[in-house]
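Chemist: Structure provided below as structure tokens; questions to follow.
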Amino acid sequence: MLGFLLRLLPFWVREPLLIAIGSVLGVRIMYLAVRDHDRVAAGLGVVFLVFTAIRVHAVIRALRARRNPSPTASADGAAVDAAPQAQPQPQAQAVTGSRPRPDTPEKEHNAWGQAVAAVAVFGALGAALWVAPRFMPSDDNAPQPASCSGGTHEELPKAYKDTPRPVTGEELCKALNRPDLAELLGTPEETATTASSTNNTAPLTDGKVAQPEAEVTFDTYTVNVSATYNELSTGQYVKLMKFGDEKDVKTLTVLGRPAVLSSDHTMQLEINLGSGGSGGPVGEGPLARTLSVALDRKDRGGYCDITVWSTSGALPNDSALLNIAEKVLPRIPERPVR
């Protein structure tokens, strides 16, 4: 249908139209092919550019033909010159003079005006198609980053009321779920798939120690941040590590606060959804790397844990944990003097 409509257009409208469309599409496709290193798109772009070059050549030939006499007119002129002895009749001259000459060129300003108008219109359309994706929202199906829950706030446990200026799980989630978190982990092309938070209390404390948590999951890594408001200093925590299974223990200072890096295995629980619905034994999961930082510079008790692990067992560099800590810790109020 489109081809039929194009054939109905005059030559001086159709050809500039095809040139404008072919050039815009060809250049755009070649640009995308170079950016994405796509050979198929590059071949398609070459096809459009070759098609455009052929149309340009056809227009140039047509312009030259309009400027030069037609072959029929030249042949007629040669026949007249070949018979110089013939004496024209006065009546014939009068009749011939009253007729318009067959090789009289048509007015060209209409054709040029149509061509210029067609090129201008479709050039503007091509420019609009080129620029529109940069200013209009994309309609693709790319996954959107997960966001922290913004629903109704649950009632905080009593431990949070008894703790001065505690951070909540939702606040931790907002501090952790940063737009540049994937870049800090060394995987800038990934998007967060889940983001969650809880207002828990520390285990084995009878619900008396607040321990909010937040967790953000990517395809490669999972990051967990928790704040424990107990009386345990980082120095005491390091001594306890010597009696545990923590590996690669390394003490350091982060934002002027005592801190320690350690490694330990996560727990792996297998759930059987068969007829019995029973779960398997708790096993050893992949290795996790944790950075524990005191909640205040004087290390009066309490700490923030930043833990990273992956199902494959791969871990990012320790610099990733330090970079995350430098972004998250300023969002957690320091523990006031008691």
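Residue numbers (this note's numbering): 1304 to 1641.
Backbone N, C-alpha and C fix where the C-beta goes; we use that ideal spot for every residue, glycine too.
Computed from a predicted structure; not experimentally measured.
Given C1451, which residues of its chain have a CB within under 7 angstroms of its CB, disregarding the five upstream and five downstream residues?
Modeler: E1473, C1476, K1477, N1480, A1498, S1500
Chemist: Residues in its own chain within less than 6 angstroms of A1517 by CB, not counting five upstream and five downstream?
Modeler: G1472, L1475, C1476, L1479, S1500, V1528
Chemist: Report all residues from its chain with a CB closer than 7 angstroms to the CB of V1512; omit the five preceding and five following residues, and keep chain order.
Modeler: A1462, T1504, A1505, T1531, Y1532, N1533
Chemist: What's the C-alpha gap between S1595 and D1567?
Modeler: About 13 angstroms.
Chemist: Just to confirm, are V1519 and L1487 a CB contact at a threshold of 8 angstroms?
Modeler: No, Cβ-Cβ distance for V1519 and L1487 is not below 8 angstroms.
Chemist: Give the straight-line distance between the Cα atoms of K1553 and S1565, rounded to the nearest whole angstrom.
Modeler: 7 angstroms
Chemist: Would you call the CB atoms of R1634 and A1597 closer than 8 angstroms?
Modeler: no
Chemist: How is C1476 classed by DSSP in three states: helix, strand or coil?
Modeler: helix
Chemist: Starting from L1624, follow the alpha helix (DSSP H) in both directions and report where the run begins and ends.
Modeler: L1624: member of the alpha helix (DSSP H) spanning 1621-1631, first to last residue.
Chemist: Starting from L1347 and walking both ways along the alpha helix (DSSP H), at which residues does that stretch end?
Modeler: 1342-1370
Chemist: DSSP on K1601, reduced to helix/strand/coil?
Modeler: Judged by DSSP in its simplified three-state form, K1601 adopts coil rather than helix or strand.
Chemist: From the DSSP output, which residues share a beta bridge with W1612?
Modeler: T1525, A1591
Chemist: Does F1314 pass the burial test, meaning 16 or more other C-beta atoms within 10 Å, or should it be called exposed?
Modeler: exposed
Chemist: Is the beta carbon of G1325 closer than 8 angstroms to that of A1336?
Modeler: no
Chemist: For S1565, does the three-state DSSP call read helix, strand or coil?
Modeler: strand
Chemist: Please go through the region 1480-1510 and give each complete beta strand (DSSP E) segment of 3 or more residues, from N-terminal end onward.
Modeler: The DSSP assignment places 1497-1504 as complete runs of the beta strand (DSSP E) inside the region 1480-1510, in order along the chain (cut-off: 3 residues).
Chemist: Are the beta-carbon atoms belonging to A1628 and T1610 less than 8 angstroms from one another?
Modeler: no
Chemist: For P1448, name the three-state secondary structure that DSSP assigns.
Modeler: coil
Chemist: In the DSSP assignment, what residue or residues form a beta bridge with T1554?
Modeler: V1563
Chemist: Using a 10 Å radius around the Cβ and a threshold of 16 neighbouring Cβ atoms, would you call P1440 buried or exposed?
Modeler: In this predicted model, P1440 has a pLDDT of only 49, less than 50, meaning its place in the structure is not dependable enough to derive any value.
Chemist: Report the three-state DSSP secondary structure of G1538 (helix, strand or coil).
Modeler: helix
Chemist: Take P1639 as the anchor and find which of V1316, V1470, V1343 has the nearest alpha-carbon.
Modeler: Residue V1470 is the option with its Cα nearest to P1639.
Chemist: Where DSSP assigns a beta bridge to T1520, which residues make up the other side?
Modeler: Answer by DSSP bridge pairing, in chain order: T1497, T1525.
Chemist: Answer with buried or exposed for D1602, where buried requires no fewer than 16 other C-beta atoms within 10 angstroms of its C-beta.
Modeler: buried
Chemist: Look at the alpha carbon of L1317 and the alpha carbon of D1341, and state the distance between them as a whole number of angstroms.
Modeler: According to the sequence shown, residue 1317 is Arg rather than Leu. If I take the Cα positions, the gap works out to 31 angstroms.
Chemist: With DSSP collapsed to three states, give me the class of Y1606.
Modeler: strand
Chemist: Here's a check: name, in chain order, each residue in its chain whose Cβ is nearer than 8 angstroms to the Cβ of E1492, leaving out the five neighbours to either side.
Modeler: Excluding sequence positions up to five before and after E1492, its CB lies within less than 8 angstroms of the CB of A1485, all in the same chain and listed in chain order.
Chemist: Using DSSP with H/G/I as helix, E/B as strand and the rest coil, what is A1617?
Modeler: A1617 sits in coil when the DSSP states are folded into three classes, being neither helix nor strand.
Chemist: Keeping to the same chain, check which residues put their C-beta closer than 7 angstroms to that of I1332; ignore five residues upstream and five downstream.
Modeler: A1344, L1347, G1348, F1351
Chemist: To the nearest angstrom, how far is the alpha carbon of Y1334 from that of E1587?
Modeler: Answer to the nearest angstrom: the Cα atoms are 50 angstroms apart.
Chemist: How many Å lie between D1509 and D1551 at the Cα?
Modeler: 31 angstroms
Chemist: State the Cα-Cα distance for the pair A1323 and V1526, rounded to the nearest angstrom.
Modeler: 52 angstroms
Chemist: Do you know how far the Cα of H1360 is from the Cα of P1405?
Modeler: Unreliable placement is indicated for P1405, whose pLDDT of 49 sits below 50; no coordinate value is reported for it.
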